[in-house]
Amino acid sequence: MRWRSALAISFSAVILAAACSQTGTPTTSPGQSAGGSPAASGGAAFKRGDGGQLNILYWQAPTILNPHQATGTKDSDASRLILEPLASYGPDGKPLANGLAAEIPTVANGGVSADFTTVTWKLRQGVKWSDGTAFTADDVAFTFTYVHDAATAATTESSTEGVKSVVAKDANTVVVTYDAPNPNVYQYGVGYVSNGGILQKAQYAGCTGAKAKDCPADLKPIGTGPYMLDTFKPGDVVTYKANPNFRDPNKPYFKTVQLKGGGDAESSARAVFQTGDVDYAWNLQVAANILQPMISASTKGKMLSVYGSSVERILLNFSDPNAAGDLRGEPSTKHPFFNGPDGLTVRKALAMATDRQTVANQLYGGGLTGKPGCNIITGVPDFESTATQSFCSQFDPVAAGKLLDDAGWKLGSDNIRAKNGIKLKLTYNTTVNAVRQATQAIMKTNWEKAGFGVTLLQTPAATFFTNTSPDGANHFWSDVEMFTNNSDPDPTSYLDGWTTKQIAQKSNGWQLGNYNRYSDATFDGYVDQLRKETDPAKRADLIKKANDNLILNVVIIPIVTRTQVTSGISTTIKGNTPTGWDSEMYNIADWYK
Amino acid sequence: MGRYILRRLLIAIPTVAVISFVVFAILALAPTDPLSSFGADPRVPPEVRAAIRTSLGLDDPWPVRYVKWVTSLAQGNFGFSFMSHSPVVDLLKQRLPNTLAVVGVAYLIGVVLAIPIGMISAVRRYSLFDHFATTFAFIGFSVPTFFTGILLIIVFSINLRWFPFIYDSTLVIHDLPTFLDQVKQSIMPITVLALFDTATIARYTRAEMLEHLPLDYVRTARSKGLKEQVVVLRHVLRNSLIPVVTLVALGVPTVFGGAIVTEQIFRVPGIGELLVRSIGDGDTPVVTAILLIFAVLVVLFNLFADILYAVLDPRIKYT
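Chains as they are written, first to last, in the numbering used here: chain W, 536 to 1128; chain R, 6 to 324.
Structure follows, in structure tokens:
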């Protein structure tokens, strides 16, 4: 059968046994040693094309192979085999020079100017495109021009925001200049998800600006990455071949790669854990009670669970979602009970009646795909606040009810608390999704115990995540809503989404990021300072303060910190060291069997 | 007859035009947004979203977009997909072979099996065979394909390991082993779909046969001393098949529309899978193209069925 590639396993095993003594005792059966050993990063463990075919399965199919025009992770990941960024974000959330840059510029090595306005990138020497032509700094400068042109409508454009220029100083040096000192000096250059890859100038010269749309190169990009495109059927399958011009002469290990798309997450899990038809199955968001037994019974696959910054959260509305006419959801209105004189008390009561533990255990497999979370900024240890812990650990609907009782919110005959004719009735919107709906049910039970009246709503994801629909997250015409979001390791632009100037309202087409309509001068101040502060310790402090402000004021209720990587991988695959901050394919060059 | 066909074809033009307008209007007014796949990602800020919207041409009011679309359609251009930036026609070309190889073959098998099954069931009414076929038929059209599909996957792919459940569209058939690979990977979706098709058509054939069997001309044929075989095959079956043929002809366009659920389950990259995904993504150029082609096929096969009717039944005359 095609899927089970008949590899020269014994041959590679001999080489492994000979080369990587540090991995312990490699046996003649490579399938035995499970852990993602970093042995391959040294380089000499294998030769290019030793392996047969690597089979990857995504239940969403890639539709385009230009990461700057990608509409989802599927597209970005599928293009990562072909294209490379300057540098990646490694498992620790720190820049890692596994791309086109020879090293990570820092203040210490002179790459970053003392005032944080210019960054000088030294590129690797002798890199070639898969068509054999030389890669130069011109390609990097060109890619910037392509992305930065608003008419290109690149989805990665925000990586170039505030960048004055990207200039090729010589064939192997690129200078990035920011308009103003930028403490997040790696904003342009590091991370494939936000930056995309470097495009070949020769191929894309005719595709900038308005001509970027419907550019044929988007379906067959030429890259510097470990693999080159063989065939691409949008929405179905991508096949790759080892790039004969890849800069590391021994990599990549596999001769061919097939990335198949489509289907559903549950059968993807079966393909990696039960039949072993695929070597890697992406994003196995499957109910924990189905996934867990599959994993524990499997001899073929294991789970890769890596945390990044993804948090499933509940947003509280500070504006009035039921105001008359054009005032609905406008920041000029105040939410009847979340934003009145008792606002903080009511919000706290809601937070106290939120049962994270049950959600995490029953729906996210208690650490399999998520763990109880209390911070909105999470994943980078330096930024992780501990000040919120005691607040989040007190789950007690009865005490929540008492808190409301003491503030004068008395239980009515309908079991809903009310004060001065205002009832604590709330509508709770989220996307149509089994896990989210089960979460809603758990919340409803406990919130009702505290004396809230809860109406559950669900909106299809394609309608929820849009600024055009009245049922969408942006309009937020409900009292609370729930979804997941995440950020780059530097959370400045993420936190910006709760500042006053980012309030989503009718006049800006509901496009901005502050759906809560939260407005707090203190919080705005933290974000303003973050934009200027360059001292790492002070930055960490500001980030924690901003996080605590959102949590302790109950602007958002984080429920579960979700795994960023939730994929299944064959036990035979080695060299995969997943990161929660970059593409799952960021080190595909190092994978081997 | 010629005038009739011409008239029908002329009527078809406004029909298709109205369908295209309704389809476009519904999609334009639906809240689905091609940009929704970005979620609330702070990496794609509002300015970028606005730029993407402009580049996709979504800034114009939808009646303007409709006129633009119809104009380019008149030049044979179905436009470009929002998601893949590739011509819609290319996407359809890539998918049609897969749909025909699975849905088309299933339909063919369905028809070939159903007619004899329906016939035997009617002739040997209430026999063991009839009971068996009836039960089978009821299972066929009452059990949803998403259930039979998953059942087959669990039994034949996961437990027995006989067939793969991930359809490989890159497979090129050039010799016997690759042909067998194709059989292996398409046998389960074909079974699921053929079960449904067989059940429907077999029940229909049986009912038609039963209606004809007690009629006077059948008695006449028997009293002429014709062999039972000749009576059934020449007289009853032939007359009973007239409405069945119509049904089969009208079913052909659905083959081109693909099988949404089954294609999804078995990862067959066919038209149905493309349609449902494009609807979810708000990829209107693809959705409108598929629905329009589908509408044209329905109109054409309706006409075809009517003509076939006249050919098979001399009593029917079109003027």
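For glycine and all other residues, C-beta sits at the position ideal for the given N, C-alpha and C.
Exposed unless 16 or more other CB atoms sit within 10 angstroms - verdict on residue i
{"i": "T990(W)", "result": "exposed"}
{"i": "T687(W)", "result": "buried"}
{"i": "N1082(W)", "result": "buried"}
{"i": "N1043(W)", "result": "exposed"}
{"i": "H603(W)", "result": "buried"}
{"i": "M1120(W)", "result": "buried"}
{"i": "L181(R)", "result": "exposed"}
{"i": "G1144(W)", "result": "Lying before the first or after the last residue shown, residue 1144(W) is absent from chain W, which here runs from 536 to 1128."}
{"i": "N1002(W)", "result": "buried"}
{"i": "E52(R)", "result": "exposed"}
{"i": "Q557(W)", "result": "Legend: pLDDT at Q557(W) = 33, less than 50; position of this residue unreliable, value from coordinates given subsequently. The residue is exposed, with fewer than 16 neighbouring Cβ atoms inside 10 Å."}
{"i": "L165(R)", "result": "exposed"}
{"i": "S948(W)", "result": "exposed"}
{"i": "Y762(W)", "result": "buried"}
{"i": "L157(R)", "result": "buried"}
Distance between residue j and residue i (C-alpha atoms, nearest Å)
{"i": "F306(R)", "j": "L218(R)", "result": "29 Å"}
{"i": "A804(W)", "j": "I911(W)", "result": "29 Å"}
{"i": "T139(R)", "j": "R208(R)", "result": "8 Å"}
{"i": "T1019(W)", "j": "P47(R)", "result": "12 Å"}
{"i": "G732(W)", "j": "V772(W)", "result": "21 Å"}
{"i": "L176(R)", "j": "Y1053(W)", "result": "55 Å"}
{"i": "S588(W)", "j": "L903(W)", "result": "Per the sequence shown, the amino acid found at residue 588(W) is Gln instead of Ser. Using only the alpha carbons, I get a separation of about 29 Å."}
{"i": "G901(W)", "j": "P630(W)", "result": "30 Å"}
{"i": "V116(R)", "j": "V21(R)", "result": "29 Å"}
{"i": "T774(W)", "j": "T791(W)", "result": "7 Å"}
{"i": "F152(R)", "j": "F141(R)", "result": "16 Å"}
{"i": "C750(W)", "j": "F26(R)", "result": "29 Å"}
{"i": "T655(W)", "j": "A649(W)", "result": "12 Å"}
{"i": "L1174(W)", "j": "R848(W)", "result": "Residue 1174(W) lies beyond the stretch modelled for chain W, which goes from 536 to 1128, so this question has no answer here."}
{"i": "A685(W)", "j": "F808(W)", "result": "44 Å"}
{"i": "R1074(W)", "j": "P626(W)", "result": "21 Å"}
{"i": "V710(W)", "j": "H1010(W)", "result": "41 Å"}
{"i": "G586(W)", "j": "S77(R)", "result": "48 Å"}
{"i": "E696(W)", "j": "Q722(W)", "result": "9 Å"}
Cross-strand partners of residue i (DSSP beta bridge)
{"i": "I591(W)", "result": "L794(W) and Y815(W)"}
{"i": "A622(W)", "result": "V725(W)"}
{"i": "T1098(W)", "result": "Y842(W)"}
{"i": "F651(W)", "result": "Answer is none; F651(W) lacks a bridge partner."}
{"i": "I912(W)", "result": "Beta-bridge pairing links I912(W) to no other residue."}
{"i": "D705(W)", "result": "T708(W)"}
{"i": "R971(W)", "result": "Answer by DSSP bridge pairing: none, since R971(W) is not bridged."}
{"i": "K736(W)", "result": "In DSSP, K736(W) forms no bridge with anything."}
{"i": "W656(W)", "result": "V709(W)"}
{"i": "L850(W)", "result": "E1016(W) and I1091(W)"}
{"i": "A636(W)", "result": "L658(W)"}
{"i": "G836(W)", "result": "S1105(W)"}
{"i": "N1049(W)", "result": "I1038(W)"}
{"i": "V698(W)", "result": "Y713(W)"}
{"i": "I957(W)", "result": "K954(W)"}
Residue j beta carbon less than 8 Å from that of residue i
{"i": "N1021(W)", "j": "G843(W)", "result": "yes"}
{"i": "Y593(W)", "j": "L794(W)", "result": "yes"}
{"i": "V236(R)", "j": "R227(R)", "result": "yes"}
{"i": "G256(R)", "j": "L200(R)", "result": "no"}
{"i": "V970(W)", "j": "A800(W)", "result": "no"}
{"i": "I171(R)", "j": "D812(W)", "result": "yes"}
{"i": "A981(W)", "j": "D890(W)", "result": "Here residue 981(W) is Asn; the residue named in the question, Ala, does not match the sequence. Yes, these two residues count as a Cβ contact at 8 Å."}
{"i": "K837(W)", "j": "I1104(W)", "result": "yes"}
{"i": "V682(W)", "j": "A689(W)", "result": "yes"}
{"i": "W1033(W)", "j": "A1039(W)", "result": "no"}
{"i": "R863(W)", "j": "P871(W)", "result": "no"}
{"i": "T196(R)", "j": "L118(R)", "result": "no"}
Please list, in chain order, the residues of the segment 172–185 of chain R that have any C-beta partner in chain W closer than 8 Å. D173, S174, T175 and L176
Report the residues of the segment 17–45 of chain R with a CB closer than 9 Å to any CB of chain W, ordered along the chain. A35, P36, T37, D38, P39, L40, S41, S42, F43, G44 and A45
For the segment 191–204 of chain R, list every residue whose C-beta sits within 7 Å of some C-beta in chain W, in sequence order. none
Would you list, in chain order, the members of the segment 893–922 of chain W that have their beta-carbon closer than 8 Å to a beta-carbon of chain R? none
With 7 Å as the limit, tell me which residues of the segment 755–786 of chain W have their beta carbon closer than that to any beta carbon of chain R; keep them in chain order. T766, K768, P769, G770, D771, V772 and T774
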